[in-house]
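Trainee: I have a structure I would like to understand better, so I am pasting it below and will then ask my questions one at a time.
2 protein chains.
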Amino acid sequence: MPKIGMEPIRRKALTDAAIEAIGARGTMDVTMSDIAGRAGVSPALAHHYFGSKNQLITESVRALLRELRHDAEHALATARTSRARISAVIAVSFSEKQFSAEVVAAWLAFYVDAQRAPEIRRLLSIYARRLHSNLMSGLGPLAGESDAERIAEGAAAMIDGLYIRKALGTGLARYDAVTLVEDHIETQLLEIQGRTV
Amino acid sequence: MPKIGMEPIRRKALTDAAIEAIGARGTMDVTMSDIAGRAGVSPALAHHYFGSKNQLITESVRALLRELRHDAEHALATARTSRARISAVIAVSFSEKQFSAEVVAAWLAFYVDAQRAPEIRRLLSIYARRLHSNLMSGLGPLAGESDAERIAEGAAAMIDGLYIRKALGTGLARYDAVTLVEDHIETQLLEIQGRTV
DNA sequence: TTTTATTGATTGATCAATCAATCAAGCCTA
DNA sequence: TAGGCTTGATTGATTGATCAATCAATAAAA
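If you read the protein sequences in the order shown, they are chains A and B. 96 is the number that the numbering used here gives to position 96 of the first sequence; each next residue is one higher, with no gaps. All you need for the numbering used here is the position in the second sequence, starting with 1, plus 1000.
Now the structure itself:
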């Protein structure tokens, strides 16, 4: 059984399993046993590779963020206009993968864990800044500095809020969520035009 | 020491202490010891009055929501116009008390706990519906049915999102948060007027 | 003396973390 | 190329700490 070069395979399986477990329970309090079981290994092996539960969790968040960044970069790369960039950012935020009940639940759990673990907080702050700057990359050319900032801030808050509501089960469907954010931005941009024309 | 009629006093002290403890740690994993200590009693007494940790937590959420409803009702009662009703709802959501780091952290922790405890989920759903209907009480007279619904949905999501960001420490100040939501609603209402006039 | 308030001590369960032991692959050397 | 040596992979069992929950006991009203 023991083949060489297992490390990267096990690490990936374990971080995936951690997000899966946290998403399924909707809470941070999953056991190493549960996570390891989902990854098909013993709890002891998880400790062997990650040293502690905390480090496994941190690596899992890092992996989730990496994936999200990858998706965002890809979506932005294929957008031709500023307006299209904005829509791309929104579409990624509400993509099937990211807006699933499981991932949203894990996401929310991580937000709470950030209160305790500074490294998690740091990672989530990076996500918040990235969402903001991605929105700004589309809004910048379409509005003045302060207007763009304000619109981005509102849109980002709305996106996060729609996530929470999804986690609670009272949330909107993906399509409606996208429409709501798009409408907010569209209306704000229209109002700016009306002001200058 | 043992005086008669202590029960209501202890219950209040314990639910207050629970929110305080959860807010301070930013997590649901506070011990009965910690909560009881803050209330100045022994852990055993907390069990005596509430039966279990779960019930104490549930009662604490109920108390928090009761307070929020009370504030909202009071603010709405003194609002003269529809527009003032909207502002009143926003003002309560971002009142000094509700938007403090501690309460926001507790709030977020409860959202996560809702995944596990159906009763908590039920209570938070009630809050979400109430926020929505409070907003609608002001928006209803100012816009058509479907427009009002849409604007309320967006505003509610934005409010929740601003809460999350506050919890993460990257959030806006109270004044800026209020301004952002007010601006969203104002701009949406203007756009509707422009459409019909 | 019955009832209410209150606690210290104990129990039992749950877990993260550690450790010693096993097992198989490559690798070196005679 | 056969036989040992090393190293990475893996686990079962154990430890130690933490807590919720229980209980028996005490103390003061009424």
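From the three backbone atoms N, C-alpha and C, an ideal C-beta is built for every residue, glycine too. Computed from a predicted structure; not experimentally measured.
Under 8 Å, Cβ to Cβ, is there at least one residue of chain A near B/M1001?
Mentor: With a pLDDT of 44 at B/M1001, under the threshold of 50, the modelled position of that residue is not reliable, and the figure given next carries that caveat. Cβ-Cβ to chain A under 8 Å: no for B/M1001.
Trainee: Please list, in chain order, all residues of the same chain as A/D113 whose beta carbon is under 6 Å from its beta carbon, the five residues on each side excluded.
Mentor: The answer, listed in chain order, is M28, I120.
Trainee: Three Cβ pairs or more, each shorter than 8 Å: is that satisfied between the region 150 to 162 of chain A and the region 1178 to 1189 of chain B?
Mentor: yes
Trainee: Would you tell me roughly how many angstroms separate the C-alpha atoms of B/I1057 and A/G194, rounded to the nearest one?
Mentor: 51 Å
Trainee: So the candidates are B/A1084, B/R1129, B/Q1115; which of them puts its Cα closest to the Cα of B/P1141?
Mentor: B/A1084
Trainee: For A/G40, which of helix, strand or coil comes out of DSSP?
Mentor: Looking at A/G40 - three-state DSSP - the assignment turns out to be coil, as it is neither helix nor strand.
Trainee: What does the alpha-carbon distance come out to for the pair B/E1191 and A/L135?
Mentor: 22 Å
Trainee: Using a threshold of 8 Å, state whether the C-beta atoms of B/L1168 and A/Y111 are closer than that.
Mentor: yes
Trainee: Given that a residue counts as buried once 16 or more other Cβ atoms are within 10 Å of its Cβ, and exposed if not, what is A/T15?
Mentor: It counts as buried.
Trainee: Pop quiz: B/G1040 and A/M158 are said to be a contact at Cβ under 8 Å. What is the actual Cβ separation, rounded to whole angstroms?
Mentor: About 43 Å separates the beta carbon of B/G1040 from that of A/M158, a gap too long to meet the 8 Å contact definition.
Trainee: Confirm, please, whether the CB-CB distance from B/G1138 to B/V1089 is below 8 Å.
Mentor: Yes, these two residues count as a Cβ contact at 8 Å.
Trainee: Using a Cβ-Cβ distance under 8 Å, would A/D147 count as near chain B?
Mentor: no
Trainee: Do A/I22 and A/A109 have their C-beta atoms within less than 8 Å of each other?
Mentor: yes
Trainee: What is the rounded straight-line gap between the Cα of A/L124 and the Cα of B/A1091?
Mentor: Spanning the two alpha carbons is a distance of roughly 28 Å.
Trainee: Residue range of the alpha helix (DSSP H) that B/P1141 falls in?
Mentor: Element bounds for B/P1141: n/a, residue is neither H nor E.
Trainee: Near B/L1064, what residues of its chain come up, given a Cβ to Cβ distance below 7 Å and the 5 sequence neighbours on each side ignored?
Mentor: I1019
Trainee: Skipping 5 residues on each side, what residues in its chain have a beta carbon closer than 7 Å to that of B/S1093?
Mentor: I1159
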